[in-house]
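Numbering (our numbering), first residue to last: 64 to 499.
For each residue, glycine too, the CB sits at the ideal point set by N, CA and C.
Only one structure is covered here, and it is reproduced in the block below.
Given below as structure tokens:
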């Protein structure tokens, strides 16, 4: 998972710099840019006072390759690319390109493989042919922004797994993972349809290519709604904030515990669901767990940083209380395993954990960094076993049906909950490709 954005038109360097902070929650390992400067694509650490009419930006959250060092954009001659997602069959693409007689370097890193593959498709075919071949050969969740021969190329996977939107104003055309990054700049925007590509030329004219959705069921990533996107963004035309409100309401409807003094949440992404849950039950909601905002999001940290102390607690609100702690999801259980003993140590009488998603039991190969079953706390375990591992007094998740009701559509990827992937893959084989 990453954040990607771009601008084509006057003042491009300034626009991409302004959009960067609105994507930092999607990638904490670094931000980098590529701009067309006098016809040459250059990779940059910042845009400064640069003069350019085409720039791309990328906030890195690694799901393949080494952590922290493989910053996009990837620049290959006359093409620069940023990409959000994961390519499940990138090893197959390597074989295809070697069959073409190409030398594929950096073949452990799916973004590099994808960039090389896309560039050679564009060299071998017209844009429509290249895009159609991309859609029929690449498996995974992907949103792509590329600069190609002074044009801006936007591509979204046929399943719609990863978000990508287009914004418009008098200065030019933008693209971004987060719709809020476009709204804050006062842009009109729309989401790029799954299985489509848009090419924007230097004059600002746009052409649409591809029909990659034919016979493909859409599968919007559930975790974008639950956790990843900003609450002020939209995904598949649905307000992320409203989904999180309904997730909290769904939790409240199944609450069996009457002895609740206070509801709190794991900041930041669980707060909206916790507020909705507390309001539905008529219980007070307090921010008793305080995050060090300068340390970022724990789930998307590299492994060596995941056990950093991210959270403090308000001791005065905990002592003697029966607490409900709402979180959006449990991946590895790192956060709760650190927090629950701390809450007990400060005198919590009871700790009830409520999760606004189903148990995550299967790996993701479409853009989230949990590509193996062994790292998932709920894989192969009953909910009671997870509760014991966490040390809480009770643990309740949502069901998949409750999740789908909360989102409001059933065209949702639930692979990490059910093991049913949007496309055919061999889990054992793909796990091996992504083991780091």
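### Message
How far does the beta strand (DSSP E) with residue 491 in it extend, from its first residue to its last?
### Response
Element bounds for residue 491: not the beta strand (DSSP E) but the alpha helix (DSSP H), 490-497.
#### Entry: Counterpart residues of residue 95 in DSSP-defined beta bridges
121
### Query
Any idea what DSSP makes of residue 65, helix, strand or coil?
coil
### Query
Helix, strand or coil: which one does DSSP assign to residue 106?
strand
### Task
Taking residue 397 as part of the alpha helix (DSSP H), name the residues at either end of that continuous run.
397-408
### Message
Just verifying my parser: in three-state terms, what is the DSSP assignment at residue 519?
### Response
Outside the displayed range of the chain (64 to 499) lies residue 519, so it cannot be described from this structure.
### Query
Which partner residues of residue 415 appear in the DSSP bridge assignment?
387 and 457
### Message
If distances are taken between C-alpha atoms only, which option among 355, 169, 459 and 297 comes closest to residue 226?
### Response
297
#### Entry: Given residue 244 as reference, the closest of 256, 234, 235 and 230 once Cα atoms are compared
230
### Limits of the unbroken beta strand (DSSP E) element including residue 146
142-150
### Query
Can residue 301 and residue 329 be called in contact, C-beta distance under 8 Å?
no
### Task
Determine the burial state of residue 87: buried for a count of at least 16 other Cβ atoms within 10 Å of its Cβ, exposed for fewer.
Of the other Cβ atoms in all chains shown, fewer than 16 fall within 10 Å of the Cβ of residue 87; this residue is therefore exposed.
### Message
Please report the distance separating the alpha-carbon of residue 268 from that of residue 260.
### Response
14 Å
### Query
Would residue 390 be called buried (16 or more neighbouring beta carbons within 10 Å of its own) or exposed?
buried
### Message
For residue 222 and residue 151, which I take to be in contact (beta-carbon distance under 8 Å), what is that distance rounded to the nearest angstrom?
### Response
11 Å between Cβ atoms; not a contact.
### Message
For residue 172 and residue 66, I'd like the C-alpha separation in whole angstroms.
### Response
Straight-line Cα distance between these residues: approximately 17 Å.
### Message
Among the candidates 374, 322, 266 and 224, whose CA atom is the shortest distance from the CA of residue 279?
### Response
For residue 279, the closest of 374, 322, 266 and 224 by C-alpha to C-alpha distance is 224.
### Message
Would residue 306 and residue 470 be called neighbours here (beta carbons separated by less than 8 Å)?
### Response
yes
#### Entry: Nonlocal neighbours in the same chain, by C-beta distance under 6 Å from residue 422, ignoring five residues either side
Contacts found: 441 and 460.
### residue 482 versus residue 490 - alpha carbon distance
9 Å
### Message
At the level of alpha carbons, what is the spacing between residue 363 and residue 433?
### Response
Unreliable placement is indicated for residue 363, whose pLDDT of 45 sits below 50; the coordinate value is still reported in the next sentence. Their backbone Cα atoms lie some 10 Å apart in a straight line.
### Query
Under a Cβ-count criterion, where at least 16 other Cβ atoms within 10 Å of its own Cβ denotes burial, should residue 367 be classed as buried or exposed?
Because the pLDDT at residue 367 is just 47, under 50, the model does not fix this residue reliably, and the value given afterwards should be weighed accordingly. Exposed: under 16 other Cβ atoms inside 10 Å.
### Bridge partner(s) assigned by DSSP for residue 218
207 and 260
### Task
Just mark residue 73 as buried or exposed, buried being the case when its beta carbon has 16 or more other beta carbons within 10 Å.
By the neighbour-count criterion, in which a residue is buried when 16 or more other Cβ atoms sit within 10 angstroms of its Cβ, residue 73 is exposed.
### Task
Can you grab the Cα-Cα spacing for the pair residue 285 / residue 384, in whole Å?
Distance between the alpha carbons of residue 285 and residue 384: 33 Å.
### Message
Taking the alpha carbon of residue 374 as the reference point, which residue from 347, 331 and 387 has its own alpha carbon closest?
### Response
331
### Query
Roughly how many angstroms lie between the CA atoms of residue 174 and residue 325, to the nearest whole one?
45 Å
### Task
Have a look at the DSSP bridge pairing and note the partners of residue 228.
239 and 254
### Query
Excluding the five sequence neighbours on either side, which residues of its own chain have a C-beta within less than 6 Å of the C-beta of residue 134, listed in chain order?
Shown here for residue 134: same chain residues with a beta carbon closer than 6 Å to its own, the five before and five after excluded, namely 93, 95 and 123 in chain order.
#### Entry: Cβ neighbours of residue 207 in the same chain (closer than 6 Å, five flanking residues each side left out)
146 and 218
#### Entry: Cutoff 8 Å: residue 430 Cβ touching any chain C Cβ
The structure shown contains no chain C; it holds only a single protein chain.
#### Entry: Nearest-angstrom Cα separation, counted from residue 321 out to residue 83
45 Å
### Query
With DSSP run on the structure shown, which of helix, strand or coil describes residue 427?
DSSP places residue 427 in coil when its eight states are reduced to three.
### Message
So, with DSSP's three-state summary, where would you put residue 444?
### Response
Reduced to three states, the DSSP call for residue 444 is coil.
### Query
Candidates 452, 333 and 429: which alpha carbon is nearest residue 484's?
429
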